[in-house]
Amino acid sequence: MPADSIRDAVIIGGNRIPFARAHGAYAGASNQDMVTSALNGLIARFGLQGQQLGAVAGGAVLKHSKNFNLMRESVLGTPLDPNTPAYDVQMACATGMEAIGSLANKIKLGQIDSAIGGGVDTVSDAPIVVTDELRGILMEANRAKTMGQRLKALAKIRPGHLAPQAPGTNEPRTGLSMGEHMAITADKWGITRQEQDELALASHKNLAAAYDRGFFDDLVTPFKGVSRDNNLRGDSTIEKLGKLSPVFGKELENPTMTAANSTALTDGAATVLLGSEEWADAHDLPKLANFIDYEEGAVDFVDGEEGLLMAPAYAAARMLKRNNLSFEDFEFFEIHEAFASTVLAQIKAWESEEFCREKLGLEAPLGSIDRSKLNTTGSSLAAGHPFAATGGRIVATLAKLLHGKPGKLGFISVCAAGGQGITAIIEGR
Amino acid sequence: MVKDTYTEFANSSLGEKITKTLGLPQPAKLRRYRPEAPLIEGPTVVLGSSEASDILADQLVSWDLDVRRHVGRREKVAAVVAVFDTAQTPADLSETVLALGGLLKQLKSSARVITVFRDPQGNEDPAVTAARKGVEGLTRSLAHEMRAGGTANGLILSEELDAAAPSVSGALRFLLSGRSAFVSGQFITVQNTNGVLPDEWTQPLAGQVAVVTGAARGIGAAIAKILRRDGAEIIAVDIPAAGESLAGVANEVSGTALQLDITAEDAGDRILAHAEQHYGRLDIVVHNAGITRDKLLANMDPSRWDSVIAVNIESQLRMNRTFLESELFNRPEAGVGPRIVSLASTSGIAGNRGQTNYAASKSGVIGMVSATSAQLEARHGTINAVAPGFIETEMTAKMPFATREVARRLNSLNQGGLPEDVAETIAYLVSPAAGGTSGLTLRVCGQNLVGA
Numbered sequence: 001m002p003a004d005s006i007r008d009a010v011i012i013g014g015n016r017i018p019f020a021r022a023h024g025a026y027a028g029a030s031n032q033d034m035v036t037s038a039l040n041g042l043i044a045r046f047g048l049q050g051q052q053l054g055a056v057a058g059g060a061v062l063k064h065s066k067n068f069n070l071m072r073e074s075v076l077g078t079p080l081d082p083n084t085p086a087y088d089v090q091m092a093c094a095t096g097m098e099a100i101g102s103l104a105n106k107i108k109l110g111q112i113d114s115a116i117g118g119g120v121d122t123v124s125d126a127p128i129v130v131t132d133e134l135r136g137i138l139m140e141a142n143r144a145k146t147m148g149q150r151l152k153a154l155a156k157i158r159p160g161h162l163a164p165q166a167p168g169t170n171e172p173r174t175g176l177s178m179g180e181h182m183a184i185t186a187d188k189w190g191i192t193r194q195e196q197d198e199l200a201l202a203s204h205k206n207l208a209a210a211y212d213r214g215f216f217d218d219l220v221t222p223f224k225g226v227s228r229d230n231n232l233r234g235d236s237t238i239e240k241l242g243k244l245s246p247v248f249g250k251e252l253e254n255p256t257m258t259a260a261n262s263t264a265l266t267d268g269a270a271t272v273l274l275g276s277e278e279w280a281d282a283h284d285l286p287k288l289a290n291f292i293d294y295e296e297g298a299v300d301f302v303d304g305e306e307g308l309l310m311a312p313a314y315a316a317a318r319m320l321k322r323n324n325l326s327f328e329d330f331e332f333f334e335i336h337e338a339f340a341s342t343v344l345a346q347i348k349a350w351e352s353e354e355f356c357r358e359k360l361g362l363e364a365p366l367g368s369i370d371r372s373k374l375n376t377t378g379s380s381l382a383a384g385h386p387f388a389a390t391g392g393r394i395v396a397t398l399a400k401l402l403h404g405k406p407g408k409l410g411f412i413s414v415c416a417a418g419g420q421g422i423t424a425i426i427e428g429r
Numbered sequence: 001m002v003k004d005t006y007t008e009f010a011n012s013s014l015g016e017k018i019t020k021t022l023g024l025p026q027p028a029k030l031r032r033y034r035p036e037a038p039l040i041e042g043p044t045v046v047l048g049s050s051e052a053s054d055i056l057a058d059q060l061v062s063w064d065l066d067v068r069r070h071v072g073r074r075e076k077v078a079a080v081v082a083v084f085d086t087a088q089t090p091a092d093l094s095e096t097v098l099a100l101g102g103l104l105k106q107l108k109s110s111a112r113v114i115t116v117f118r119d120p121q122g123n124e125d126p127a128v129t130a131a132r133k134g135v136e137g138l139t140r141s142l143a144h145e146m147r148a149g150g151t152a153n154g155l156i157l158s159e160e161l162d163a164a165a166p167s168v169s170g171a172l173r174f175l176l177s178g179r180s181a182f183v184s185g186q187f188i189t190v191q192n193t194n195g196v197l198p199d200e201w202t203q204p205l206a207g208q209v210a211v212v213t214g215a216a217r218g219i220g221a222a223i224a225k226i227l228r229r230d231g232a233e234i235i236a237v238d239i240p241a242a243g244e245s246l247a248g249v250a251n252e253v254s255g256t257a258l259q260l261d262i263t264a265e266d267a268g269d270r271i272l273a274h275a276e277q278h279y280g281r282l283d284i285v286v287h288n289a290g291i292t293r294d295k296l297l298a299n300m301d302p303s304r305w306d307s308v309i310a311v312n313i314e315s316q317l318r319m320n321r322t323f324l325e326s327e328l329f330n331r332p333e334a335g336v337g338p339r340i341v342s343l344a345s346t347s348g349i350a351g352n353r354g355q356t357n358y359a360a361s362k363s364g365v366i367g368m369v370s371a372t373s374a375q376l377e378a379r380h381g382t383i384n385a386v387a388p389g390f391i392e393t394e395m396t397a398k399m400p401f402a403t404r405e406v407a408r409r410l411n412s413l414n415q416g417g418l419p420e421d422v423a424e425t426i427a428y429l430v431s432p433a434a435g436g437t438s439g440l441t442l443r444v445c446g447q448n449l450v451g452a
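These protein sequences, in sequence, are chains G and V. So in full-length UniProt numbering, spot 148 of the first sequence is number 148, and the numbers just go up one at a time. So in full-length UniProt numbering, spot 129 of the second sequence is number 129, and the numbers just go up one at a time.
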């Protein structure tokens, strides 16, 4: 297809279920239950019953092997036309962004006219598996041809093999948790406890205010009796946050990261409806914003050259250059709060002349970000962060913020495990 | 919803014998509307000798009904239409009334008696008015005497109205059909020649867009489903906290869900914006959302009083102002204008202990409907209210057992109504065939005066 036929990918709207703290309200719900509910709410909001969409894409970071076709199975449980194709995507915490970004590209290229992207995660229904040793023995027994061989294989089982294995969130190559990695980066950038607590507090205040003014009325549909993100503490104060003990980087001289300025483990699902302009018009659907561009990034965190969650700092530079934009051109910034210090470290990096010159190869720093434009309706510290659902939450929220502001731009940054991350640009209409 | 075990028992062969012997109430299984079923099965007898009675008989014939002027003594009768429109004095009623009486023992189950007469308020002559009021009284009493799920209702024609007016046909059809299963002892007035009969009686709302508030459950969900069945596109509205079940209802009716607190200042505007965006039109508004916060007035606190007033009536007044000022809701099309139906309650008519707040709001609805009617009429539209009696819902399921059992039986049909019964009446009132009826509060209560 010739390049001049690239068309707009329009964000029509979104729907998510409220995010709930792990092992709580959604403890009995599976990934499939949650993403199906989020899809049902989206279908109801936009009257998509019986429609055949171009594609539904999304995924989960913590996923049972039986959910090999999670999105397709979920689509089959909704009123969408069962002829709607669906596939799973996985890029750690950037799963939702990758799903949405790649669907937007397909729409731009004219491959599809409509799509739903998103993601889901539950820590409460995590895929617990058997040990590698036990699995090896069971597979050997399975391959055995005689009863004798089978018994011989099974006789190797030892009590220690029987311990269930929960999925870890530790980085496989360093053995460090994400929090420990972040603590190193925060220390390197000299991020203070005070700054982190202030950012966390702003997240809670902004999210609570947005709920109170009905901002989420057409972005969230309740699930299992929960109608607001239940990690939200709108009445928190800087004094209360200041009393918490550090939980990461405790061996450091000055540990700063607490449970309040790090995201809590949460369960939830989020979806975004995308379409071409023609498709949206033909179906009488709103057009909130255009998905302009997105960029993936990765850094070498294994050797300690860069912080685990710093990839978006690099991706942003490349994406801005490609689009000939600077931070001053943006109306809103949505920087995923994996930890308060993640946001602050990225901002400091973009403000740093040295970092921008040495690491990003820029003559001048990318510049600072106006805090009044940052995470204005709250972010992951308040809402929670069900890994793969975060991208959908952010894109739908930002699209709504930009709706009615034609041409105004919004910036997204989402970091991910494995030293990866995604940045994106959307434009109001 | 709690199962009505007694009604099931009374309809079993043993139960029927026992309840009859003991003189206990005998609730019948009511004939309810199914689009694919005949309008009514069996002979319909038209009594009276006026020109109007001929017009009505012709209308019934055009619906392929078995219309008779006389039936044999052993024949079963499905419905009687008794026309009194020319009565000049109470003594004039005698012939038709006694002929009607002679047919009552021949009625089938879920039979219909419909009295047709002129508006008692439309004439100054004492004798004429006495005759007309007399028909009201006999109709109400007859409703109490009906058995086996039968109902008796009145169809009132305004002074000069031609009996061939579309809404006369619309009302007649509603009263004959299973749509009016739980309506008895009530009167429908047709004021004018507004209204249009549908091309297809099973799809009277085809191409129309309806918003239903409080649609996530109970009566509201039933309204959404029945308006959809009748052909309407549905905008299902409920508070954000009810969003999960609201989405379920919206998906079931292939409509759209709008999470909205109707007490918000901009609620009307948000509904209009949604209707404009998704459908480009808005034809029907059903104000169903309502709450109860029961307390004796002596113990009433401001939050209980104010919240009931805010949700049940103030929100409707505010939204109606917005809708009536808008361009979207005021585009008459082929003689059919905007239609509004509000949920009132029999509590708003008779009062109910512990419900001063609720009754104030629901009486308020009745007043609002009557006072808004002129504005709607000017646009070929209508505004009416429906007052449910005891309806089997989640709300009434929470009543104590004994109270619920008594409430269920305290009506002429000896049973509670279903959410569908309320919805069917609403579907009739918002149909183009009811365009000549406005400002009315129609009770769906099985002729009962207790209930929420």
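Using N, Cα and C, we set each Cβ at its ideal position, and we do this for glycine too. What you are looking at is a predicted structure, and each value in this text was computed from that prediction instead of being measured.
By the rule that beta-carbons nearer than 8 Å mark a contact, N251(V) touches chain G. For P332(V), the number of other beta carbons within 10 angstroms of its own is below 16, and it is reported as exposed.
Excluding sequence positions up to five before and after A382(G), its CB lies within less than 6 Å of the CB of S203, H204, L207 and L232, all in the same chain and listed in chain order. Using a Cβ distance threshold of 8 Å, L172(V) and I114(V) count as a contacting pair.
In this structure A232(V) is in contact with L205(V), their Cβ atoms being roughly 4 Å apart against a cut-off of 8 Å. Put simply, of L401(G), T237(G), M178(G) and M310(G) the residue whose alpha carbon is nearest the alpha carbon of L199(G) is T237(G). The continuous beta strand (DSSP E) containing R443(V) extends over residues T441 to V444.
Ranked by Cα distance from L325(G), the options V35(G), L366(G) and F223(G) are led by L366(G).
Listed in chain order, the beta strand (DSSP E) runs fully inside the region 30-69 of chain G are 55-59, counting runs of at least 3 residues. Following the DSSP letters along the chain, one finds N299(V) in no alpha helix (DSSP H), marked with neither H nor E.
Straight through space, the alpha carbons of V89(G) and A388(G) are spaced by roughly 9 Å. Beta-bridge annotation (DSSP): S413(G) is paired with I335(G) and T423(G). Interface annotation, T221(G): in contact with chain V, CB-CB separation under 8 Å. The three-state secondary structure of H287(V), taken from DSSP, is strand. Residue-level contact check: E327(V) does not touch chain G, since none of the beta carbons of chain G fall below 8 Å from its beta carbon.
Within the region 31-98 of chain V, complete beta strand (DSSP E) segments of at least 3 residues are found at 43-47, 66-68 and 77-83, given in chain order.
In this structure, DSSP gives L176(G) a state outside helix and strand, which the three-state scheme calls coil. Within the same chain, Cβ atoms closer than 7 Å to the Cβ of T393(V) are found at M1, G218, I219 and P419, the five residues on either side in sequence being excluded. Taking a beta-carbon distance threshold of 8 Å, I43(G) counts as an interface residue toward chain V. Nearest to R68(V) by alpha-carbon distance, out of T86(V), F84(V), D85(V) and S49(V), is S49(V). In summary, the residues of the region 284-318 of chain G whose CB is separated from some CB of chain V by less than 7 Å are D284 and P286, in the order they occur in the chain.
Close to N40(G), with beta-carbon spacing below 8 Å, are these residues of chain V in chain order: A247, G248 and N251. When DSSP reads this structure, V212(V) sits in a beta bridge with A236(V) and V286(V). Cβ proximity to chain G below 9 Å picks out E233 from the region 205-234 of chain V. When the beta-carbon positions are compared, Y6(V) and E424(V) stay at least 8 Å from each other. Within the model, the alpha-carbon separation for N352(V) versus L440(V) is close to 21 Å.
M147(G) counts as exposed, since fewer than 16 other beta carbons sit within 10 angstroms of its beta carbon. Going by DSSP, S109(V) is part of the beta strand (DSSP E) stretching over L107 to R118.
In the DSSP annotation of this structure, the continuous segment of the beta strand (DSSP E) that includes D88(G) starts and ends at A86 to D88.
Boundaries of the beta strand (DSSP E) harbouring L274(G): T266 to G275, taken from the DSSP string. Within the model, the alpha-carbon separation for D261(V) versus G416(V) is close to 30 Å. In the DSSP assignment, V386(V) falls outside any alpha helix (DSSP H) and lies within the beta strand (DSSP E) extending over T382 to P388. Only those residues of the region 21-48 of chain V whose C-beta falls short of 9 Å from the nearest C-beta of chain G would be listed, and there are none. N11(V) carries a coil assignment under DSSP once its states are collapsed to helix, strand and coil. For the C-beta of L260(V), the chain G residues within less than 7 Å are, from N- to C-terminus, D217. A Cβ of chain V is located within less than 8 Å of the beta carbon of G50(G).
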